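Read in order, the letters of the sequence shown correspond to residues -26 to -1, 1 to 489 in mature numbering (1 follows the signal peptide of the UniProt record, and there is no 0). Where is the CB? At the ideal position from N, CA and C, for every residue including glycine. Only a predicted model underlies this, so the values are computations on that prediction, with no experimental measurement involved. As C-alpha cells, the structure follows; a few thoughts come after it.
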Amino acid sequence: MPLSLPPPPLLVVVVASTSLVCFAQSATYPMDTESVILPELPTAAARRRLQSGEDPTLASLDEAIKELSFATDTLWLLLCGALIFFMQIGFTSLEVGSVRIASVESILLKNVLDICVGGFCWWATGFAIAYSLHESQHAFFGQGLLSWPRDSTNPAAGTFSLSEWFFHWGYSTTAATIVSGGIAERTRVESYLIYSAIMVGVIYPLVVSWTWNPDGWLRTSFDSPYYDYAGSGVIHLTGGIGALTGAVVLGPRSGRFKEGVDQADFDPHSLPLIALGTLFLWFGWFGFNMGSTHALHTTAQAITASLIAVNVTLSAAMGGLSTFILRYIILKYHKYDVKAVCNGILAGLVSITGPCANVTPSGALIIGVVGGILYQIASWSIRLLKIDDPVDAFPIHGACGVWGVLAVALLDFSDGMGSISFAPNVGVGYQFGIQLLAVVVISAFVGASSLFVFGLFRMIHFLRVDAAPAIERGPRPSPEEGRRPERGATSKLNNLSAGVSWDSRAHDFDDLSST
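If you want it as C-alpha cells, here you go:
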C-alpha cells in the first residue's frame, strides 16, 4: 500500500511546531550536565574534575590517555608473561628429547607438576618475599596479592599490579625448571617437587629481593646499582647453580662414565624434540627479555623493546654459529651434533638476557660468539670432572649466565672504560666489580641453599632413583607391542618425526641419511 503523506502546507506546520516546542524546552530547563557530558568521560575522576570547575574536555582527555597507557602496559605484560609460560613447552620438549626413552614419563610428570607447584608457591610466599619483604606488610600466604589496591585503573606509584604477578611467576618457574634438567633421570619426583617449592617460594625470591627490588641491598649499597635487565644472573645463574649442585650431590646416572658401558646408550633419544624445544624457547625468549620494559606506552620504551628484539636475535644466531664452527671447522669433528648447536643457540640467549637493553647489536654479536664458545668449554669441563648433566643445564645457564652478568659492564653503550650508560657517575671498572660481586653472592647463596636441601634428602634416602618409575595406568606394553609396524623405508623417519626414535644413535646424520 503506498505511503500517504499529509499535504505540504500541513507538513511544514507540524515540523515548525515541533522545532519550536523543543527550543522552548531547552530554553526553559537547564541542560543536564551530568547526563549529557559525563557519560562521555571515562572515569569517576573526570566527573570530579568537571564538578570542581575544571575544563571537562581536558579532564576527559587526560584520563583517557592515562587509561589507555595503563591498558597498553597491562596488555604488554600479559602477552610477554604468556610467552614466558610458553617457554615451558620448550623446556619440556628439550628435556624429554635429551633423556632416554625409559625416563620420558617421569620427566613429563615432573615438569607439569613443577608448573603447578610454582604457581602456588609464587602466590603463597614468593612474590611477597621478592617485592614486599622490605615493607611493613606481612610477606606470606598471598598478603602481597590480597593487599593490592583493587582499582587497577589508577595504580599507585610503587605498587605492583596483578599483571606484574603473572609476569614474574613465569620468571620464577623458569629458575626451577632449569634445575630439573640437570638432575634428570635419577631424581625422585617427590623430592624434586619439594625442592622446586623451596626454589620458587624462598631461594629465588630472596635473590630477587636483593637485586630487582628497588630497596634491595645490591641496588642501594653502592654508587651504581647491580644491573641485570632480564635475568642472566637473577634467573639463569640461580637455576644453573642449583642444577650443578643437584648433579654433584646426586652423582651420575648408573653406568655413566664407567668403563665397559657403552656411553652411546646415554645419547638423546629424540632430536626432533630437542630442535623443536629450542625453537620454542627462542620464540618465547622475545617475551622473556622484552617484557622487562614493563611498559610500552612511550617512544623510548618502544625503541628499547625493538633493540632487545634485535639483540636477542643476533646473540642467539651467533651462539649457534660459533658452536657449529668451533666443533666442525676448527676442531674437525666428523659427526654433526644437533644437540650441541641447539645448546649453542640457548647459550647465546642466556648470555644476552642481562645486557639486552644496554648493548649495541654489534655488542650482541660478540656476546653470542663468546657465549657459544664458553658453553662448549664448560660442557667439556664438567664431563672431565664426571659431573652428569643430561641437558647441559649448568654450561648453558650457569656459565653463560655469569658471562651475561659481566658483559653488562664490559660491552655497555659507553666508549672504552668511560662512564656506564645507566650510571654516568661510575666507570666500567666500578660497575664490573658490582656485577662480579653479584655473581659471587648469587652463586654462594644458591649453592649453599641447594646443597642443604639436596644433602638432607640424600641423608634420609629421599633423593635418588636409578630407574624412572612408571605412572600407574595399567601394564606397560613391551617394546615390540609399542613399536609401530614397519611400513617400508620411511617408517624409521616417521618415528623420529613423532618424537620417538628407537635408534639411540640417530644423532649421526650419516645414519639418518641412510634411512
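* Going by C-alpha distance, which of Ser244, Gly55, Ile58 and Leu52 is nearest residue 518? -> As shown, the chain starts at -26 and ends at 489. That puts residue 518 outside it, with no answer to give.
* Taking just the CA atoms, how far does Phe368 sit from Ala171? -> 20 Å
* Residues bridged to Gly401 [DSSP beta-bridge criterion] -> Ser393
* For Ala204, which of Gly421, Gly328 and Ala373 has the nearest alpha-carbon? -> Gly328
* **Alpha-carbon spacing of Val415 relative to Gly378, whole angstroms** => 16 Å
* To do: Measure the Cβ-Cβ separation of Leu300 and Ile347 and say whether it is below 9 Å.
  => yes
* **Straight-line gap, Gln111 to Leu339 (C-alpha atoms, nearest Å)** => Any answer about Gln111 is weak, because its pLDDT of 49 lies below 50 and its placement is not dependable; what the coordinates show is given next. Each residue's alpha carbon lies about 45 Å from the other.
* Exposed unless 16 or more other CB atoms sit within 10 angstroms - verdict on Thr151 -> buried
* Have a look at Asp362 and Ser280 and give me their C-alpha separation to the nearest angstrom. => 39 Å
* In angstroms with no decimal places, state the Cα-to-Cα distance between Val315 and Asn263. => 22 Å
* How is Arg438 classed by DSSP in three states: helix, strand or coil? -> strand
* Could you check what DSSP says for Thr272 in three-state terms: helix, strand or coil? => coil
* Ser325 and Ser206 closer than 9 Å at C-beta -> yes
* To do: Could you check the C-alpha separation between Ala290 and Arg357 for me, to the nearest Å?
  => 24 Å
* To do: Note the first and the last residue of the continuous alpha helix (DSSP H) segment covering Ala150.
  => Leu136 to Gly156
* To do: Report the option in Leu51, Val70 and Ala276 whose CA atom is closest to the CA atom of Val365.
  => Val70
* To do: Assign Thr161 to one of three DSSP states: helix, strand, or coil.
  => strand
* Asked: When the Cα atoms are used, what is the spatial distance from Leu87 to Leu167?
  -> 7 Å
* To do: Would you tell me roughly how many angstroms separate the C-alpha atoms of Ala444 and Gly234, rounded to the nearest one?
  => Its pLDDT being 40, under 50, Ala444 is placed unreliably in this model, and the coordinates cannot settle the point.
* Chain-order list of residues whose beta-carbon lies under 8 Å from that of Gln275 (same chain, five-residue window excluded) -> Thr267 and Ala269
* **Of the listed residues Ile177, Ala283, Val176 and Tyr201, nearest to Pro188 (C-alpha basis)** => Tyr201
* CA-to-CA distance, Gly265 to Trp50, given in whole angstroms -> 7 Å
* Stretch pair the region 37 to 45 + the region 227 to 242: three plus CB contacts closer than 8 Å -> no
* Asked: By DSSP, does Cys90 sit in helix, in strand, or in coil?
  -> helix
* Member of Leu53, Lys84, Leu323 and Ile351 whose CA lies at the smallest distance from the CA of Phe141 -> Leu53
* Asked: What's the gap between the Cα of Asp197 and the Cα of Leu359?
  -> 40 Å
* Asked: Does the beta-carbon of Ser417 have 16 or more other beta-carbons within 10 angstroms, so that it is buried, or is it exposed?
  -> buried
* **Beta-carbon proximity list for Gly100, same chain, < 6 Å, skipping 5 on both sides** => Ser146, Val174, Gly175 and Pro179
* Using DSSP with H/G/I as helix, E/B as strand and the rest coil, what is Ala331? -> coil
* To do: Inspect the beta-carbon positions of Tyr169 and Gly220 and report whether they are closer than 9 Å.
  => yes
* Use the C-beta contact count for Phe406: other C-beta atoms within 10 angstroms, 16 or more gives buried, fewer gives exposed. => buried
* Just curious, the alpha helix (DSSP H) that Asn187 is in, first and last residue? -> Asn187 -> no alpha helix (DSSP H), and no H or E assigned at all.
* Relative to the ligand MN, is the shortest distance from any of its heavy atoms to the C-beta of Ser296 smaller than 8 Å? -> With respect to small molecules bound, the structure shown includes none, and the ligand MN cannot be examined in it.
* To do: Could you check which residue in Val439, Val427, Ala412 and Leu437 has the C-alpha nearest to that of Trp191?
  => Ala412
* Does the region 248 to 264 come within contact of the region 76 to 83, defined as at least 3 CB pairs closer than 8 Å? -> no
* May I ask which residues mark the beginning and end of the alpha helix (DSSP H) holding Thr212? => Thr212 to Leu224
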